[in-house]
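Residue numbers for the sequence shown follow the working numbering, so the first one is 45 and each next one is one higher.
As C-alpha cells, the structure follows; a few thoughts come after it.
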Amino acid sequence: MRTPLTRRNVLFGLGALTVGVAAAKYLSKDALSPLLSQDLHSLKSSSNARVVWHPSYGMPWYSNGEKFIFEMLVPMTIGAHPVNILRYAALSDELLQQGIITKQDVELLRLIDPAILGEFHTPKYLQKVKRLAENPALSLINRDNPINKGLYDFYLAATEGTYIAAKIALEKGNALNLSGGFHHAFKDHEAGFCFFNDVAGAIIRLRKQNVVNKVLIVDLDVHHGNGNASYFQEDTNTCIFDMYQGDIYPSEKIPVEHQIVLEAGETDRGYLSKLESLSDVVSSFRPDMAFYLAGADPFEGDKLGGLDLTKKGLRCRDDFVLRLFQERNIPVAVTLAGGYSDLEDLVDINRGTVESVLAT
C-alpha cells in the first residue's frame, strides 16, 4: 500500500535532501575519501595488509559515482532510515588521516562472483535481490530493506571482504573487514539491513577448501544474530557465542549453544564481567579459527539499542576478545557489524576496533 503524503513524510523527504547534499559534498571530487581516489586502484597485495576494503564501501547508496534519487525516496516511503550512508567513507578517511593505517595496510577487494553466493543462498532469493537492485523503486516494497545497484555492489564487496579477511587471518593471525557482519541474512531472505550472510558464506567456502573445520562465531552486536543461528543450528563444528539485548529486534530468537541475554541499561562493568565466560567457551571448543562481530551498537548513544556501554568499555571489549585469541594462537577475522549512533561516535568506536586489531 502506498504511503500517504503527510506532513511527516514531507519532512522526511526534506531531511533526505539535506542528507543528499551533505553526501554529495562529502563525496565530491575534492573531498573524496582517499581510499576512493584514483591511485587506490594501483594498490597491490601487501605483506602488511590486514585491513580489507573496497571502493563501494564508501558510496553504497550511489550508482556509478553519481547521486542517486533512491536516497531521497527511502525517507519519504519508510521514514528516516537508521543506516548511516557515510559510515564507511568517514571511517576510512579517519584511519588514513590519523595515520592509523597506511595504504600498505589495505587489501583492495574485487566484488564477489555472484555465482559463489549460490553456495550459501538459494537461487530464488538471489534472483529476487538482483531484480530489486535493478529496479530500486520496486525494492521500496521491502520497506526496511531497500536496495539499489550501488547497495548491491556494496553487499557483494563486503561479503567477499569477510572471506578475504578470514584468509588473511589464517596467515597472519588476525584481519579486519572494514564492513561486514550481516548476521540477520538467511539463506532465502534478507532481514535487518542484511542481504548476504558474509560470515556464514566465508565459513562454508573455507570448509569446502578444507582450510578449517571447527569455527567459533563471537557475536557482540547488540542484536541477536538470527541469520547466523539459522545456518548452523545442526552444525556441531560451528559454535556461536552470542551476547545480545533480549527485548529488541529480532522478535523471534533462534537458540545457539552459548547465548547471554542482556537487559536494557547494562553498563561496562556488568557487560565485561559476563563476557569473561568466552574464555571457557574457547577452551572447551578449541576452534581452528574465529569470526568476531564487533558491533558498535552496544554503545550508550545507539539509536536502536538500549545498552549503556561507553567507548572505553567497547575498547576494553575488543581488546579482551582479540588478546584471548592471540594468546591461544587462534586466527580471528573481524567485522564491524551494526552501529546506529551519530556518525562521529560511530567512527570513533570503529576506529578503536581497528586499533585493537592492529595492536594484536
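Yeah, the Cβ is synthetic: ideal placement off N, Cα and C, and Gly gets one too.
All of these numbers come straight from a predicted model, not from anything done at the bench.
Using DSSP's beta-bridge definition, name the partner residues of residue i.
i    : result
D352 : T311
E151 : V96
Q142 : Per DSSP, none; premise fails for Q142.
Q277 : In the DSSP output, where bridge partners are listed per residue, Q277 has none listed.
F237 : Paired residue(s): none; F237 is not in a bridge.
Assuming residue i contacts residue j under a Cβ cut-off of 8 Å, what Cβ separation, rounded to an integer in Å, is found between them?
i    : j    : result
D341 : D265 : 6 Å
A403 : G350 : Not a contact, Cβ separation roughly 30 Å.
L220 : V378 : 4 Å
H227 : G269 : 3 Å
K18  : T166 : No answer is possible for residue 18: it lies beyond the span of the chain, which begins at 45 and ends at 404.
L222 : S136 : 7 Å
Counting only the same chain and skipping the five closest in sequence on each side, list residues whose C-beta sits under 8 Å from that of residue i.
i    : result
H233 : Y169
S385 : A340, D341, F343, G345, D346, K347, I393
Y207 : I156, D242, G245, A246, R249, L250
L387 : N128, L130, R131, A134
N257 : R251, N281, D332
Residues in the same chain with beta-carbon distance under 7 Å from residue i, minus the five sequence neighbours each way, listed in chain order, please.
i    : result
V300 : A273, I284, D286
E399 : I144
D197 : S100, L155
E371 : none
K216 : R94
A229 : A235, C238, F239, F240, N241, G271
Q82  : With a pLDDT of only 31 at Q82, under the threshold of 50, the placement of this residue in the model should not be trusted; the figure read from the coordinates follows. Correct list: empty, nothing qualifies.
P126 : K347, L348, Y384
A153 : Inspection of the sequence shows that residue 153 is occupied by Leu rather than by Ala. V96, W97, H98, A201, E204, G205, I208.
Can you name, in chain order, every residue of its own chain whose Cβ lies under 6 Å from the Cβ of residue i, other than the five neighbours on each side?
i    : result
F369 : A334, V376
R359 : G396
V436 : For the chain, the structure presents residues 45 to 404; residue 436 sits outside this window and is missing.
L200 : L155, I156
F276 : T282
F164 : A244, G245, I248
I304 : M287, K318
L306 : Q289
Just verifying my parser: in three-state terms, what is the DSSP assignment at residue i?
i    : result
D263 : strand
N394 : helix
N272 : helix
F369 : helix
S400 : helix
K386 : Note on residue identity: the sequence assigns Asp, not Lys, to residue 386. The answer is coil: DSSP assigns D386 none of H, G, I, E or B.
I248 : helix
D74  : Because D74 sits at a pLDDT of 36, beneath the cut-off of 50, its placement in the model cannot be relied upon, and the point is left open.
T206 : helix
I212 : helix
F198 : helix
V243 : helix
I160 : helix
L130 : coil
M120 : Residue placement at M120 is flagged as unreliable, the pLDDT there being 42, under the threshold of 50; a coordinate-derived value is accordingly withheld.
Y169 : helix
L222 : coil
F343 : strand
D137 : helix
D363 : helix
A377 : strand
K88  : Note that K88 scores 42 on pLDDT, short of 50, meaning its location in the model is unreliable and no value can be drawn from it.
A181 : helix
Thinking C-alpha only, which one of the options is nearest residue i?
i    : options                : result
F343 : G205, N394, I374       : N394
V391 : N92, L139, Y101        : L139
V255 : N92, P331, Y199, L353  : P331
N189 : E204, F237, K211       : F237
L161 : E204, L195, V326       : E204
K355 : R372, D389, E278, Y288 : D389
R367 : L387, E320, L306, G225 : E320
D352 : F164, A381, T311       : T311
A209 : D279, R94, V305, P158  : R94
Y336 : R313, D363, S327, Y315 : D363
R361 : L387, V325, L316       : L316
Y288 : H267, K297, D279, E278 : H267
A202 : K211, G225, I212       : G225
L214 : L195, K172, V259       : V259
F262 : V173, Q141, D279, A338 : Position check: residue 262 holds Val in this sequence, whereas Phe was assumed. Nearest C-alpha to V262: A338.
E151 : K172, N179, Q141, V96  : V96
P158 : I212, V173, S327       : V173
G357 : D149, E278, G314       : G314
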